[in-house]
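Residue numbers for the sequence shown follow our numbering, beginning at 185 and rising by one.
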Amino acid sequence: MHLLLALDRGFEALGSVALTSYLLHHRFESVVLVTPPEQRLLQLETVAAGFGVPLVWQPIGSEAALHRLDPALQPYFFCIEALQQRSPGRYLYVDADTLCVSELSALEDLPLDVSHPLAACSHGRPMPDRSLVFGLESPYHYFNAGVMLFDASALASQITPTAVVDYYLKHRALCRFREQCSLNGLLRGQVQYLPGQYNLLSWMRERQAQGRWHNVGANPMAYCLRDVRQRMAIVHLSAGALPTRVDPSRHERVDRYWLYLEQALLQGQPLTQLLRFADW
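Quick look at the structure:
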């Protein structure tokens, strides 16, 4: 399995923490970085080298479909370019604001094929508006694009970056979440759903326990939340939940682990000597 990230220099420091966490917990065949041209992310290259993992840099070409979009929108579609991998194999795409806290070997064996080339997590709470506008099977079938496992050959037979951009341009009135909506619209019925521990979103955290989506009356899937937190493997620290933006009094162990890795990188500590989450 290859690890795949798509980002620019503005997310380099954040991505370095994420990459460190993944390489501490799982042995990947390679790390693939998709970036704008002439943006070598040296911090991430150093992290990969520190773990002895080969790194492949894939600059986004001038012919890329995302250039048809407004410049402000283009960064959201970097991940679409990342989904087009010419080398066959299994890839785990992750956002730069995610944190790996457990091993991922179960993802190595999960069947992926042309019928279901991609696996991702539902948002875990009802999204009736997304279900309605994209004709999804249920309000829970809208997936979050922050963590996606896919087979490169199988996915390439179903979608291309051009198709995703075309979908967005034709259906932009429906695409509230831009590239994520485009993917959901194009791949409906072809997604295998992972349990929430592979993309533990901010609203699922213990500190949000008073929120309405933790109530089974409002969200029947809420009964899974305790198990999701106990088995968490990938935590999604969306912008508002980054530890540096949350009052320290509300920090949980995950937040403190993120800060531990960030500090270790700033101090230049030997990466292979850092502790995994379970041992920290």
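For glycine and all other residues, C-beta sits at the position ideal for the given N, C-alpha and C.
Give the straight-line distance between the Cα atoms of residue i and residue j, rounded to the nearest whole angstrom.
{"i": "residue 214", "j": "residue 289", "result": "15 Å"}
{"i": "residue 208", "j": "residue 322", "result": "36 Å"}
{"i": "residue 330", "j": "residue 276", "result": "10 Å"}
{"i": "residue 285", "j": "residue 365", "result": "28 Å"}
{"i": "residue 382", "j": "residue 305", "result": "7 Å"}
{"i": "residue 335", "j": "residue 384", "result": "22 Å"}
{"i": "residue 450", "j": "residue 393", "result": "33 Å"}
{"i": "residue 434", "j": "residue 281", "result": "18 Å"}
{"i": "residue 301", "j": "residue 418", "result": "20 Å"}
{"i": "residue 401", "j": "residue 221", "result": "49 Å"}
{"i": "residue 151", "j": "residue 266", "result": "The requested residue 151 does not occur in the structure, where the chain is confined to residues 185 to 464."}
{"i": "residue 246", "j": "residue 437", "result": "43 Å"}
{"i": "residue 226", "j": "residue 355", "result": "37 Å"}
{"i": "residue 431", "j": "residue 395", "result": "18 Å"}
{"i": "residue 211", "j": "residue 351", "result": "35 Å"}
{"i": "residue 368", "j": "residue 358", "result": "11 Å"}
{"i": "residue 463", "j": "residue 343", "result": "41 Å"}
{"i": "residue 348", "j": "residue 268", "result": "11 Å"}
{"i": "residue 193", "j": "residue 270", "result": "24 Å"}
{"i": "residue 230", "j": "residue 461", "result": "21 Å"}
{"i": "residue 251", "j": "residue 422", "result": "26 Å"}
Going by alpha carbons, who is nearest to residue i out of the options?
{"i": "residue 272", "options": "248, 340, 385", "result": "340"}
{"i": "residue 317", "options": "281, 305, 370", "result": "370"}
{"i": "residue 452", "options": "386, 296, 234", "result": "234"}
{"i": "residue 375", "options": "299, 411, 241, 210", "result": "299"}
{"i": "residue 314", "options": "361, 270, 351", "result": "361"}
{"i": "residue 455", "options": "198, 210, 380, 232", "result": "232"}
{"i": "residue 410", "options": "421, 430, 236, 389", "result": "389"}
{"i": "residue 442", "options": "391, 238, 228, 283", "result": "283"}
{"i": "residue 307", "options": "440, 397, 260", "result": "397"}
{"i": "residue 254", "options": "440, 408, 424, 353", "result": "353"}
{"i": "residue 420", "options": "328, 457, 414", "result": "328"}
{"i": "residue 458", "options": "204, 274, 439", "result": "204"}
Name the DSSP bridge partner or partners of residue i?
{"i": "residue 328", "result": "305"}
{"i": "residue 427", "result": "Looking at the DSSP assignment, residue 427 forms no beta bridge with any residue, so it has no partner."}
{"i": "residue 392", "result": "BP columns for residue 392 are empty, so no partner."}
{"i": "residue 418", "result": "284"}
{"i": "residue 219", "result": "243"}
Is it the case that the Cβ atoms of residue i and residue j are separated by a distance below 8 Å?
{"i": "residue 416", "j": "residue 292", "result": "no"}
{"i": "residue 242", "j": "residue 216", "result": "yes"}
{"i": "residue 278", "j": "residue 206", "result": "yes"}
{"i": "residue 345", "j": "residue 249", "result": "yes"}
{"i": "residue 445", "j": "residue 201", "result": "yes"}
{"i": "residue 310", "j": "residue 399", "result": "no"}
{"i": "residue 338", "j": "residue 296", "result": "yes"}
{"i": "residue 320", "j": "residue 326", "result": "yes"}
{"i": "residue 262", "j": "residue 197", "result": "no"}
{"i": "residue 412", "j": "residue 373", "result": "no"}
{"i": "residue 199", "j": "residue 228", "result": "yes"}
Is any heavy atom in the ligand ZN found nearer than 7 Å to the beta carbon of residue i?
{"i": "residue 343", "result": "With respect to the ligand ZN, the structure offers nothing, as it holds no ligand at all."}
Quiz prompt | Any alpha helix (DSSP H) of 4 or more consecutive residues that is wholly inside the segment 250-303 | solution = 262-266, 289-293
Quiz prompt | Inside the segment 308-371 only - alpha helix (DSSP H) runs reaching at least 4 residues | solution = 312-318, 336-340, 345-354, 362-371
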